[in-house]
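Protein chains in written order, with the numbering used here: chain A, 10 to 230; chain B, 3 to 202; chain C, 308 to 587; chain D, 77 to 143.
Spelled out as structure tokens, the structure:
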């Protein structure tokens, strides 16, 4: 097996697409992430949302809330957009593209959380949005510092040189952590009361895959 | 020895720290939203420190993404606080606004077409802004959007002509110039339609 | 391939049975026979099965298939000596599956389990710390390289002891009846998999058996090295029994305590990593 | 789903799994492809076997809601 970048980090390289020095590449690692992003995007596209059980207070009676598919059209759309942004983030071979995809994931996550009408959830979405916006600073800052010190943003060119400054790597990680904070805000917003499981799951998928990808980038460059 | 880049970096970090401290101390939601915009500019500052042509190429997408986030957040803020826009009557309700628009707008659009390209689009767009501010615009919005979409397609098509049939470059330039004219004009005129319509 | 998967699955379920037996004996109960979990899984396969009307159907079945897929992928990864980082990724995807299992049915109990699984994200951090520490030692994340390193330099258990503790914590946080199993606590009926019954429950059980085997096998491979199949199995058994002892004598922590203990552990290991990176 | 379909899936996926395993041993199929096929088909195989054994396959119901 030929290891990508001659580094024992992510297994064999499968194939790559060359655009000049920007090379989107699939290693075993990124291909696995890609596959999972596709699977969850398809689940979000084709699953019907679950029906929430509600108990009538003070009695034994309970009923299942009916949700019409058109009520969740926006949430489904944003979830698919989020999945697509995740796909981009896990395969791109360019650090700036990665940061842009990360920011897009942030925006779509805001959308998924905010498409619930509850005041509580909207509040959480707003707070999360502010964190995601602030996280743009270290995210873009990290990428900019890498470009300024090494003269390139291509992971393919940077791999194994160790030229990227450690501060830039830390900033990049901080940025991704900020963009991928959404699951915690979901927990905070008691999203148990909101419906649309396949879409809410997308928030989780995107932030975890983003985190996994940034760990790989930081180790490789 | 501290290079210019490093001193710039230090300055940028001082700015970022100040911005973050202000954000930390602010508790009002709306003020925090505005302050986040301030911190975003610091991100642009960091990118601008690269100081090559690439910096420009990176600032634009970064800016677009940040503005998208800002707009999404602003929208959430409006919904969250239950703020409804009130339809206010036009402040400039004077007689000349009923009669002058067609003439002035026509002149501006014509001049814009003569200029052509980006600046032409801006001038012509100004004409349409003026027209729609004065005359009101209920169904104009959708039409302008459609025109803008077709212009975009024509612009892309012109690029394909450049790539595939370089011999026809003049034709492609004409298409691209016309399309960018319509596109910029449409973008500008959208500002005009936003004036009176409560839904926008 | 298939023979490895099936035998690992059965071994994992047996380990679950041993786990229950040891816990029972420590607590002075007779306990179930050790093949109880195996019978349990088979029993579920023979039950009447359907998809609840309230569930999000694609997700409800999809998570079961994914749970089986990721842990079989993890086992094959171990057998081929693949990347430890990829194993970490699969482990994180297991968290998504827990989350999806809980959310996919409309029940409040399972949703609470899912939310707790989000909050207990701290249980993944020790694994990352452990992976990072191993990378500092061996300079590679390929399991085959780590094994080769251990053949030359002896088991990593002693030099990379904090990493071993971290991985031990990770396994402990995913084991049934453990101090950190807040996501399937009994106040939530069965937590995130309350609504998965019949065949779905049986298959999730089987997948988790596979998961237990894979995690223990990883521990032995990464910290003790290649010692042959019988000794490896023995090491796995001993490890499982120590885990059962821990589970038997510790109460289940509250969600808050569980998360803070995991976070503190990660923090300590992170400090050790920084110390190694800077001073050593 | 009808029991016949499940039977077909179970038999088909079982055959593919065994073939890919044997193929990898004999060297006819590369190890990576065999592993990939196993990972993809194994869940389908196990789920279809489970559904085959189950006592009844019916439409959904309102689930148990606790006490």
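Positions of the beta carbon are idealized from the N, C-alpha and C atoms, including for glycine.
Remember, predicted model here, so these are calculated numbers, not experimental data.
query: Nearest neighbour of residue 550/C, chosen from 487/C, 387/C, 538/C and 326/C [CA to CA]; result: 326/C
query: Contacts of residue 353/C in chain D (Cβ-Cβ under 7 Å); result: 129, 130 and 131
query: Validate contact between the segment 56 to 74 of chain B and the segment 110 to 125 of chain A using beta carbons, cut 8 Å, 3 pairs; result: yes
query: CA-to-CA distance, residue 60/A to residue 218/A, given in whole angstroms; result: 28 Å
query: Within 8 Å, strictly: CB atoms of residue 366/C and residue 119/D; result: no
query: Cutoff 8 Å: residue 492/C Cβ touching any chain D Cβ; result: no
query: Check whether residue 168/A and residue 229/A have beta carbons under 8 Å apart; result: yes
query: Meets three-Cβ-pair contact criterion under 8 Å: the segment 166 to 181 of chain A and the segment 130 to 139 of chain A; result: no
query: Extent of the continuous beta strand (DSSP E) run through residue 437/C; result: Unbroken run through residue 437/C is the alpha helix (DSSP H), 432 to 445; no beta strand (DSSP E).
query: Where the beta strand (DSSP E) containing residue 25/A begins and where it ends; result: 22 to 25
query: Rounded Cβ spacing between residue 110/B and residue 124/B (contact assumed at less than 8 Å); result: In fact, because the Cβ distance is near 10 Å, the residues do not count as touching under 8 Å.
query: Alpha-carbon to alpha-carbon, residue 516/C and residue 478/C; result: 13 Å
query: Exposure label - residue 172/B; buried when at least 16 CB within 10 Å; result: exposed
query: Partner residues on chain C for residue 17/A, Cβ-Cβ distance less than 7 Å; result: 447, 448, 449 and 452
query: Host alpha helix (DSSP H) of residue 567/C (start-end); result: 562 to 586
query: DSSP state of residue 154/A mapped onto helix, strand, coil; result: helix
query: Neighbourhood of residue 142/A by C-beta, 6 Å cutoff - its chain only, sequence neighbours within 5 removed; result: none
query: Per DSSP, the bridge partner or partners of residue 103/A; result: 163/A
query: Inter-stretch contact at 8 Å, needing at least 3 Cβ pairs: the segment 572 to 585 of chain C / the segment 429 to 440 of chain C; result: yes
query: Cα-Cα separation between residue 80/D and residue 356/C, rounded to whole angstroms; result: 16 Å
query: Neighbour flag for residue 174/A against chain C, beta carbons, 8 Å; result: no
query: CB contact below 8 Å: residue 105/D versus chain C; result: no
query: DSSP three-state assignment for residue 31/A, whether helix, strand or coil; result: strand
query: The segment 43 to 53 of chain B contacting the segment 87 to 95 of chain A, beta-carbon criterion three pairs below 8 Å; result: no
query: Pair within 8 Å by beta-carbon distance, residue 110/D and residue 89/D; result: no
query: Proximity of residue 565/C and residue 501/C at Cβ, strictly below 8 Å; result: no
query: Contact with chain D by residue 405/C, beta-carbon distance below 8 Å; result: no
query: Residue 184/A beta carbon less than 8 Å from that of residue 111/A; result: yes
query: Cβ pair residue 604/C, residue 546/C closer than 8 Å; result: No information on residue 604/C is available, as it lies outside the stretch 308 to 587 that chain C covers here.
query: Sequence-distant residues of the same chain with beta carbon closer than 8 Å to residue 14/B, five excluded per side; result: 44, 47, 48 and 51
query: Cβ pair residue 107/D, residue 100/D closer than 8 Å; result: yes
query: Proximal chain A residues relative to residue 31/B, where beta-carbon distance stays under 8 Å; result: 135
query: Extent of the continuous alpha helix (DSSP H) to which residue 504/C belongs; result: No alpha helix (DSSP H) holds residue 504/C; DSSP gives it neither H nor E.
query: Exposure of residue 571/C, with buried meaning 16 or more beta-carbon neighbours within 10 Å; result: exposed
query: 6 Å CB neighbourhood of residue 214/A in its chain, flanking five on each side removed; result: 49
query: Rounded distance between the beta-carbons of residue 189/B and residue 134/B, thought under 8 Å; result: Rounded, the Cβ-Cβ distance is 13 Å, inconsistent with contact.
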